[in-house]
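Note that this note's numbering has the sequence shown beginning at -1, numbered continuously upward. Report on the following structure.
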Amino acid sequence: SSRNTYGFKRAEIIAALINSILLFITLTYIFYEAVQRLFHPQEVISIIMLPVAIVGLLGNFFSAAILFRESQKSINLKSTFLHIVIDTISSVIVIAGGLIIRYTGWYYIDPILSLIVIIFVLKEGFAIFREVVHILMQGTPTDIDLAQIKSRLESLPGVVNIHHVHIWSLNENERFSEFHVLINCQSLNDMDQLRDQINRVLQDEYHINHSTIQFEGKNCSFTNI
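Structure representation (structure tokens):
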């Protein structure tokens, strides 16, 4: 639209950010509860806990299996998948803890296993959060080397220099770039051909979908145009 010229594709990244924040809030609560149970053990009724945990495990397992493949394509689905993984692992821990408590009576196992889960999930959650913030800050995609791209484009015939380079992501799949190209004086037709060549390099080799290129002439006069 005229007010949202990029559409709503960035909404997916915002949703992933919200998911990450909710994930950290959940982990904070689990950490608090685990510490409380570690210093103040509470009796756990394993005969009730085990059936409930098994049902929860089955539901979470099927949900995780459905989302796994799609989670590789979207950072928002990846963060949602991580939520389900937390629930799945939590169910496994409850089952393992319930069995240990049932046969040993050692109640400390429940909070200890919870803390182990927090460490694992916090690592994965922080990686997603960092990626989301990087995209929102319009940082250069992590797999792109600006110096290498600059060198590659400057190797094209007619290109003298590439400068003022900016590359960013709208979401995980769409990349944009803008930069200035200093060229030797040539006709407008040659300039169009060079622009097409630059765009092909960016799309085929770096998966940059849209580029804004500003040409600058070196020692040009009107007779060169």
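Ideal Cβ positions, reconstructed from N, Cα and C, are used throughout, including at glycine. Here the structure is a predicted model, which means the values were calculated and not measured.
Problem - For H161, the three-state DSSP class (helix, strand or coil) - result: strand
Practice task
Check whether the segment 141 to 152 touches the segment 111 to 129, counting contact only when three or more Cβ pairs, one atom from each stretch, lie closer than 8 Å.
Solution key: no
Exercise for the section: Verify whether the separation of the beta carbon atoms of E176 and T210 is less than 8 Å. Expected result: yes
Handout entry: For H132, the first and last residue of its enclosing alpha helix (DSSP H)
Key = I107 to L134
Handout entry: Assigned exposure category for G95 - 16 Cβ within 10 Å defines buried
Key = buried
Handout entry: Own chain, CB closer than 8 Å to I93, minus 5 neighbours either side, in chain order
Key = L48, A51, I52 and L55
Practice task
Please report the Cβ distance between N159 and E10, rounded to the nearest whole angstrom; I am assuming they are in contact, meaning their Cβ atoms lie under 8 Å.
Solution key: With 8 Å as the limit, N159 and E10 do not qualify as a contact, their Cβ atoms being about 36 Å apart.
Handout entry: Pick from S167, D190 and D202 that is closest to R8, judged by C-alpha positions
Key = S167
Practice task
Find out if the Cβ-Cβ distance for the pair S77, L25 is shorter than 8 Å.
Solution key: no
Exercise for the section: Please report the residue range of the beta strand (DSSP E) in which L180 lies. Expected result: R173 to N182
Exercise for the section: Provide the residue span of the alpha helix (DSSP H) that contains A18, from first to last. Expected result: Here residue 18 turns out to be Ser, not Ala, going by the sequence shown. Note, S18: alpha helix (DSSP H), A9 to F37.
Exercise for the section: If I'm right that N17 touches H81 with Cβ under 8 Å, what's the distance once you round it to whole angstroms? Expected result: 7 Å
Practice task
Return the Cβ separation of V179 and F213 in integer angstroms, given the expectation that the two are a contact with Cβ distance under 8 Å.
Solution key: 5 Å
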